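Q: If you scroll down you'll find the structure; I have some questions about it.
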Amino acid sequence: MQFKDSLANFNISFTQQVQDLFDQQPESVSPKLLSAMRYSVENGGKRIRPYLMALIAETIGVNSDKILPAALALECIHSYSLVHDDLPAMDDDSLRRGKPTCHIQFDEATAILAGDALQALAFSLISNADISDNVKVYWTQCLAKHSGYLGMCGGQSLDLIAENEQVDLAQLEKIHSLKTGALLKCAANMACAAKPELKLSTYQKFDRFTALIGLAFQIQDDILDVVSTTELLGKPQGSDEKLAKSTYPSLLGLEGAKQKAQQVYQSALEQLAEVPYNTDSLAAFAEFIINRKY
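Counting from 1, position 289 in the sequence shown corresponds to residue 289 in UniProt numbering; the numbering is continuous, with no gaps.
Take a look at the structure:
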């Protein structure tokens with residue numbers, strides 16, 4: 001099966017799991033808030049993070065059902081971050097995945113609450129997972145670390161501070177490693193935790209692989225913001241330039257950014273080569289990240 005077919009099939013299956021999750025939530029409290037939550041998670045997306053988690057689980061011999069609560073939790077966290085990122089106080093975007101952003105579709109207050117509620121739902125999913133308490137504790141710690149001050153939120157803060165400023169490459173890499181890379185690393189770490197007997201060295205290789213792929217993902221994002229279109233991206237093209245953000249193309253030039261992306265991609269493949277499992281699917285995942293057009 002071709003990688004894109006595999007990703008598309010996963011997307012269909014996972015989106016059904018998302019729909020089932022929200023179908024199980026009672027509407028008796030606030031139907032409007034629940035609709036905003038559902039809208040934000042069901043509103044398309046590539047499902048890159050849960051798919052990466054599923055690929056690593058499959059690679060090391062862990063049943064996908066075992067990590068489903070973690071995958072859903074991670075997608076809830078990612079979706080909440082996008083809802084808040086799009087708010088006028090942050091990136092002030094009106095389009096996400098080709099549709100109105102949550103605060104445009106509903107209102108700002110509802111969007112803030114939807115993000116808050118999705119974060120809470122993520123940890124509820126983990127606490128109710130049918131897995132050992134040790135794994136639950138690790139999943140909770142992992143998700144909290146990589147989504148909070150030491151991860152995604154910290155990266156978003158640095159990104160906002162850097163608007164209208166020229167940062168150097170080291171600082172730009174730090175921003176992207178936290179803002180984008182942290183949740184990809186979290187996907188790998190949570191999958192590996194579902195197999196407690198996994199060797200530490202293998203865990204470390206997956207951790208490094210996903211850190212590099214997270215960086216490659218963001219470099220490609222920066223490139224697409226320059227060369228793609230709003231219609232293809234599903235979000236406003238040129239938003240980085242509008243916010244005067246430092247990006248890889250702005251620091252290295254477009255060709256330099258493309259070369260940097262290839263270097264990071266090759267480094268990621270080198271990490272995979274040392275994993276004692278068949279990693280063909282993960283190599284295909286990496287290739288998709290670096291060659292994607294949206």
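The beta carbon of each residue, even a glycine, is placed where N, CA and C say it ideally should be. Please read these numbers as outputs of a predicted model, since none were measured by experiment.
Check K99 in the structure and name its three-state DSSP category.
A: Strand.
Q: So, F3 versus A54, is the Cβ gap smaller than 9 Å?
A: In this structure, A54 does not lie closer than 9 Å to F3 by Cβ.
Q: Suppose you measure from the CA of A283 to the CA of D168; what does that come to, to the nearest Å?
A: Approximately 30 Å between the Cα atoms of the pair.
Q: Are there 16 or more other CB atoms within 10 angstroms of the CB of E27, so buried, or fewer, so exposed?
A: Looking at its Cβ environment, which holds fewer than 16 other Cβ atoms inside 10 Å, E27 is exposed.
Q: Would T102 and Y203 qualify as a contact pair, given that the criterion is a beta-carbon distance under 9 Å?
A: The sequence shown places Cys at residue 102, rather than the Thr named in the question. The answer is no: Cβ separation not under 9 Å.
Q: Leaving out five residues before and five after K205 in sequence, what residues of the same chain have Cβ atoms less than 7 Å from its Cβ?
A: So the qualifying residues of the chain are Q271, E274, V275.
Q: Go ahead and label E75 buried or exposed: buried means 16 or more other beta carbons lie within 10 angstroms of its beta carbon, across all protein chains shown.
A: Result: buried.
Q: Q156: buried (16+ other C-beta within 10 angstroms of its C-beta) or exposed?
A: Result: buried.
Q: Taking all protein chains shown into account, do 16 or more other C-beta atoms lie within 10 angstroms of the C-beta of K293, making it buried, or fewer, making it exposed?
A: K293 is exposed by the Cβ-count criterion.
Q: How should P69 be labelled, buried or exposed, when 16 other C-beta atoms within 10 angstroms of its C-beta is the threshold for buried?
A: With 16 or more other Cβ atoms within 10 Å, it is buried.
Q: Taking a contact to mean a Cβ-Cβ separation below 9 Å, would you say W139 touches A193 in this structure?
A: Yes, these two residues count as a Cβ contact at 9 Å.
Q: Taking the straight line between their C-alpha atoms, what separation do you get for L252 and G181?
A: Distance between the alpha carbons of L252 and G181: 20 Å.
Q: Could you round the C-beta distance between K185 and H146 to whole angstroms and report it? I think they count as a contact, below 8 Å.
A: Between H146 and K185 the Cβ distance is about 6 Å, and since that is below 8 Å, they are a contact.
Q: With DSSP as the reference, label V135 as helix, strand or coil.
A: Three-state result, V135: helix.
Q: Just the C-alpha distance for N164 and K245, rounded to the nearest angstrom, thanks.
A: About 6 Å.
Q: Enumerate in chain order the residues of its own chain whose CB-to-CB distance from T279 is below 7 Å, with the five nearest sequence positions on each side excluded.
A: Only T59, L272 meet the Cβ criterion.
Q: Does the distance from the C-beta atom of A261 to that of Y248 stay below 9 Å?
A: Their beta carbons are under 9 Å apart, which means A261 touches Y248 by this criterion.
Q: Quick one: measure Cβ to Cβ for A117 and M37, integer angstroms, because I've assumed they're closer than 8 Å.
A: Their Cβ separation, rounded to whole angstroms, is 6 Å, which keeps A117 and M37 in contact under 8 Å.
Q: What are the complete alpha helix (DSSP H) segments, minimum 4 residues, inside the stretch 139 to 173?
A: The stretch 139 to 173 contains these whole alpha helix (DSSP H) runs: 152 to 161.
Q: At what residues does the alpha helix (DSSP H) containing F209 begin and finish?
A: Here the alpha helix (DSSP H) through F209 covers 200 to 227.
Q: In this structure, how does DSSP classify A70 when only helix, strand and coil are distinguished?
A: The answer is helix: DSSP assigns A70 an H, G or I state.
Q: Relative to the alpha-carbon of L254, which residue among Q263, L87, V226 has its alpha-carbon at the smallest distance?
A: The candidate whose alpha carbon is nearest that of L254 is V226.
Q: Can you list, in chain order, the residues of its chain with a C-beta nearer than 6 Å to that of N189? Leave out the 5 residues immediately preceding and following it.
A: The residues are C142.
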